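Chemist: Take this structure, written in structure tokens, and hold onto it; I'll ask about it next.
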Amino acid sequence: MTRVRVRGIYSTALTRRLLDAGFDVVDASPPIRERFDADFHTEPYDVDVWMTPDRQGVGVSGRPDAADDVLDVVGDTGIDTFVWPDRAARGAVFNAVVERTVRGGAVVALAGDHEGYLPFDAADEHVEEGDHLRVQVREPNPWWADDRPVVGTDLRAIGGLTSLERGVDALVAGTPDGSRNHELARTTELLTPDVPDRWGVQWHYAADGASMDALGDALDDAVSLANRLEEAISNAPAPSDTAPYRVAAPERTVWAWFGRDSRFALDDARGAVTSTMDGHHRIKAGSEAASGAVDFAEALGASTDGFPFGAVTDQFGPTEGDLVAIEHGKPDGRLITLGRGEVTDRDRDAGRVTVRREMSPGGAYDELGVEREEGDVATTRFTEGNWWYPTVYKGTDGHVKGTYLNVSTPVEVFPDAVRYVDLHVDVVKHADGTVEVVDEDELRECVDAGLVSEELSEKALSVAERVRAAVSDDD
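Just so we're aligned, residue 1 is where the sequence shown starts under full-length UniProt numbering, counting upward by one.
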């Protein structure tokens, strides 16, 4: 049975779904242990699932076959769940080239157009532009984030309860409290591990309280991984000969982004376990402060009749006068920020905000075929949960240059950003009143590439046709 560890704001819902699918959830957090009538053992995991730093989704990493099995569950959360594999998986080893140095570290080329960030304090020697060196991914980062994966030059065999670190003379490289007298330091000797030369054992916090059998299994797994890494390195060309080049990838790392419909599907799964207010995950995804407020409200027994857009924006924003970014996701995992605008109006009851942006001159508006000029203003109305939103472009004289109606996954209005994934197909209304659906071919290319499901594609095309008909009727 595949063992999975789950952490973050989605842990209760995903634990429910994983247990129902027959997985063994291990090393559960105290709240999860309290909520479920199940035994959660402290054992090494095959797959790790954790919340992304921006709270928008989860990372999934582990043994490739096991990770794929978990992804079958995570990726099936909702119609607007997107899944993207990471070429710089956790624990992957690369022959890298230093492209440039930046404050505090260096940007290194890993493979193809993939880059990593090497902090100077994670390098075993001075680093300069053009250097060839071998690095390992320490902290992968989601595709939609601006941050590059963090890498280091020390080699580690990473596990759930323990890891091995290369270049350490002592058998025990570290314990949870940093003490050489920790019980786990003495236990290591009893386990009689066949640790490779110059590798040291680093016990993690989760190892405290684990059974001897679990500790032994975890150490055996780490030793096996260390031996595989040693073999891969011994057979790999030197960094100076081939870089960038991937030497080894013991884990498969995949990122899952949850859209609004998926968050509400996770609410349903969580609601089968414990009291869950409407929009639980949608609110928690907005900010850490909002997440804490949800926990407090549910602890008091609060309930809602639908997603409380007005109350959420009253407390956490955005409200009139606030600035918000328009975070325009793409089906391939990229995130494009379409600038920041001022909230000029908020309708609490309709769940709507109006955002005004001053446009930079140069080029033309996509599909409208109209020049973008100095003084142009874009006014966009975002309605929480809608599968589309309109932007009206006007010149300095107030003349409407055209309207762009973007079809996307359901819009989410967070405190400092509006989020969605663009589905390519859109509706445009020209200044002369002509209305047309555009970019269906780009949507079909995404379907053919496996980036958009047939179900989501059909939904997008249906929305586009309804919007086209509605806009045409307005004339």
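Each residue gets a CB set at the ideal place from its N, CA and C atoms; glycine is no exception. All values derive from a computational prediction rather than experimental measurement.
Pick out the complete beta strand (DSSP E) segments inside the region 188 to 245, 3 residues or longer, and give them in chain order.
Modeler: The qualifying runs are 199 to 203.
Chemist: Would you kindly report the start and end of the unbroken beta strand (DSSP E) that includes Q56?
Modeler: Residue mapping note: residue 56 aligns to position 56 of the sequence shown, counting from 1. Careful: Q56 lies outside any beta strand (DSSP E) and carries neither H nor E.
Chemist: Check whether the region 413 to 420 and the region 442 to 462 are in contact - that is, three or more C-beta pairs closer than 8 Å.
Modeler: With the cut-off at 8 Å, the region 413 to 420 and the region 442 to 462 do not touch.
Chemist: Output the boundary residues of the beta strand (DSSP E) element that contains T379.
Modeler: The residue given as residue 379 occupies position 379 in the sequence shown. Looking at the DSSP string, the run of the beta strand (DSSP E) that includes T379 is V377 to T383.
Chemist: Using the three-state DSSP reduction, which class does T12 fall into: helix, strand or coil?
Modeler: Residue mapping note: residue 12 aligns to position 12 of the sequence shown, counting from 1. T12 falls in the helix class under three-state DSSP.
Chemist: Whole angstroms is fine: what's the gap from L451's alpha carbon to T313's?
Modeler: Residue 451 sits at position 451 when you count from the first residue of the sequence shown. Residue 313 sits at position 313 when you count from the first residue of the sequence shown. Their backbone Cα atoms lie some 32 Å apart in a straight line.
Chemist: Give me, in chain order, the residues of the same chain whose beta-carbon lies closer than 8 Å to that of I233; leave out the 5 immediate sequence neighbours on both sides.
Modeler: Start at 1 with the first residue of the sequence shown, and residue 233 comes out as number 233. Same-chain partners within the cutoff: V93, R134, L155, V247 and A248.
Chemist: Please report how far the alpha carbon of F309 lies from the alpha carbon of K284, in whole angstroms.
Modeler: Taking the first residue of the sequence shown as 1, we reach residue 309 at position 309. Taking the first residue of the sequence shown as 1, we reach residue 284 at position 284. Going from the Cα of F309 to the Cα of K284 covers about 13 Å.
Chemist: Is the Cβ-Cβ distance between Y393 and V400 less than 9 Å?
Modeler: As a first step, residue 393 must be located in the sequence shown, where it is residue number 393. As a first step, residue 400 must be located in the sequence shown, where it is residue number 400. It is a contact, given that the beta carbons lie within the stated cut-off.
Chemist: Does the ligand ATP have a heavy atom nearer than 8 Å to the CB of A88?
Modeler: The ligand ATP is not among the ligands present in this structure, which contains no ligands whatsoever.
Chemist: Kindly list the residues whose CB is nearer than 7 Å to the CB of A66, restricted to its own chain and excluding five residues on each side of it in sequence; keep chain order.
Modeler: Along the sequence shown, one-based indexing puts residue 66 at 66. Closer than 7 Å at the Cβ level, and outside the excluded window around A66, lie T2, D46 and V47.
Chemist: Could you check how far apart the C-beta atoms of E412 and E384 are, in whole angstroms? I think they sit under 8 Å.
Modeler: Within the sequence shown, numbered from 1, the residue matching residue 412 stands at position 412. Within the sequence shown, numbered from 1, the residue matching residue 384 stands at position 384. Correct: roughly 7 Å between the Cβ atoms.
Chemist: With a threshold of 6 Å on Cβ separation, who are the neighbours of P239 within its own chain once the five nearest residues in sequence on each side are excluded?
Modeler: Within the sequence shown, residue 239 is the residue found at index 239, counting from 1. Excluding residues within five positions, the ones whose Cβ falls inside 6 Å are N95, H132, L133 and R134.
Chemist: Taking the alpha carbon of A123 as the reference point, which residue from G105, D80 and R186 has its own alpha carbon closest?
Modeler: Counted from its first residue, the sequence shown places residue 123 at position 123. With distances taken between Cα atoms, A123 lies closest to G105.
Chemist: Which of the three DSSP states, helix, strand or coil, is assigned to E125?
Modeler: On the sequence shown, residue 125 is found 125 positions in, with the first residue counted as 1. Coil, per DSSP.
Chemist: If you count every other CB in all the chains shown that lies within 10 Å of the CB of T409, and 16 or more means buried, which is it?
Modeler: Here residue 409 refers to the residue found at position 409 of the sequence shown. Looking at its Cβ environment, which holds 16 or more other Cβ atoms inside 10 Å, T409 is buried.
Chemist: Taking a contact to mean a Cβ-Cβ separation below 9 Å, would you say Y117 touches V151 in this structure?
Modeler: Here the question's residue 117 lines up with position 117 in the sequence shown. Here the question's residue 151 lines up with position 151 in the sequence shown. Yes; because the gap between Cβ atoms is below 9 Å, this pair is in contact.
Chemist: Are R334 and W203 close, meaning C-beta to C-beta below 9 Å?
Modeler: Position 334 of the sequence shown holds residue 334. Position 203 of the sequence shown holds residue 203. Contact: no.
Chemist: What separation, rounded to the nearest whole angstrom, lies between the Cα atoms of L71 and G22?
Modeler: Taking the sequence shown and counting its residues from 1, the one referred to as residue 71 is at position 71. Taking the sequence shown and counting its residues from 1, the one referred to as residue 22 is at position 22. Each residue's alpha carbon lies about 13 Å from the other.
Chemist: Among residues of its own chain, excluding the 5 on either side of G130, which ones have a beta-carbon nearer than 8 Å to its beta-carbon?
Modeler: In the sequence shown, counting from the first residue as 1, residue 130 sits at position 130. The answer, listed in chain order, is V97 and V98.
Chemist: Beta-carbon separation of L184 and V172 under 9 Å?
Modeler: Taking the sequence shown and counting its residues from 1, the one referred to as residue 184 is at position 184. Taking the sequence shown and counting its residues from 1, the one referred to as residue 172 is at position 172. Yes; because the gap between Cβ atoms is below 9 Å, this pair is in contact.
Chemist: DSSP three-state label for I336, please.
Modeler: Against the sequence shown, residue 336 aligns to sequence position 336. Correct three-state label for I336: strand.
Chemist: Is the region 318 to 326 in contact with the region 289 to 296, if contact means three or more CB pairs nearer than 8 Å?
Modeler: Touching, no.
Chemist: Given that a residue counts as buried once 16 or more other Cβ atoms are within 10 Å of its Cβ, and exposed if not, what is M212?
Modeler: Within the sequence shown, numbered from 1, the residue matching residue 212 stands at position 212. Exposed, because fewer than 16 other Cβ atoms sit within 10 Å of the Cβ of M212.
Chemist: Which partner residues of K429 appear in the DSSP bridge assignment?
Modeler: Residue mapping note: residue 429 aligns to position 429 of the sequence shown, counting from 1. For K429, which the question treats as bridged, DSSP gives the partners T403 and V435.
Chemist: Nearest to H114 by CA position, among V102, P140, D121 and F120, is which residue?
Modeler: Here residue 114 corresponds to residue number 114 of the sequence shown, with the count starting at 1. Ranking the options by Cα distance to H114, first place goes to P140.
Chemist: Any idea if P250 is buried or exposed, counting beta-carbon neighbours within 10 angstroms, 16 or more meaning buried?
Modeler: Residue 250 sits at position 250 when you count from the first residue of the sequence shown. Buried is the call here.
Chemist: Helix, strand or coil: which one does DSSP assign to S408?
Modeler: Here residue 408 refers to the residue found at position 408 when the sequence shown is read from its first residue. DSSP places S408 in strand when its eight states are reduced to three.
Chemist: Mind checking which residues open and close the beta strand (DSSP E) that includes K394?
Modeler: As a working mapping, residue 394 is identified with position 394 in the sequence shown. Start and end: W388 to K394.
Chemist: Using CA atoms only, rank isn't needed, just tell me which of P53, F307 and D208 is closest to P176.
Modeler: To locate residue 176, count along the sequence shown from 1; it is residue 176. Looking at the Cα atoms, D208 is the closest of the given residues.
Chemist: Which runs of the beta strand (DSSP E), 3 residues or longer, sit entirely within the UniProt domain "S1 motif" (91 to 156)?
Modeler: Listed in chain order, they are 93 to 102, 105 to 111, 114 to 119, 132 to 139 and 150 to 152.
Chemist: R63 by DSSP, collapsed to three states: which one?
Modeler: For the purposes of this step, residue 63 is identified with residue 63 of the sequence shown, where counting begins at 1. Coil, per DSSP.
Chemist: For the region 287 to 326, list the alpha helix (DSSP H) runs that are entirely contained and at least 4 residues long, ordered along the chain.
Modeler: 288 to 299 and 309 to 316, all fully within the region 287 to 326.
Chemist: Give me the Cα-Cα distance between V353 and E465, rounded to the nearest whole angstrom.
Modeler: Against the sequence shown, residue 353 aligns to sequence position 353. Against the sequence shown, residue 465 aligns to sequence position 465. Distance between the alpha carbons of V353 and E465 is about 24 Å.
Chemist: Between the C-alpha atoms of T162 and D39, what's the straight-line distance to the nearest angstrom?
Modeler: As a first step, residue 162 must be located in the sequence shown, where it is residue number 162. As a first step, residue 39 must be located in the sequence shown, where it is residue number 39. The alpha-carbon atoms of T162 and D39 are separated by roughly 22 Å.
Chemist: Could you check whether V407 and L423 sit closer than 9 Å to each other, using their CB atoms as the reference points?
Modeler: Walking along the sequence shown from the start, residue 423 turns up at place 423. Walking along the sequence shown from the start, residue 407 turns up at place 407. Going by C-beta atoms, L423 is nearer than 9 Å to V407.
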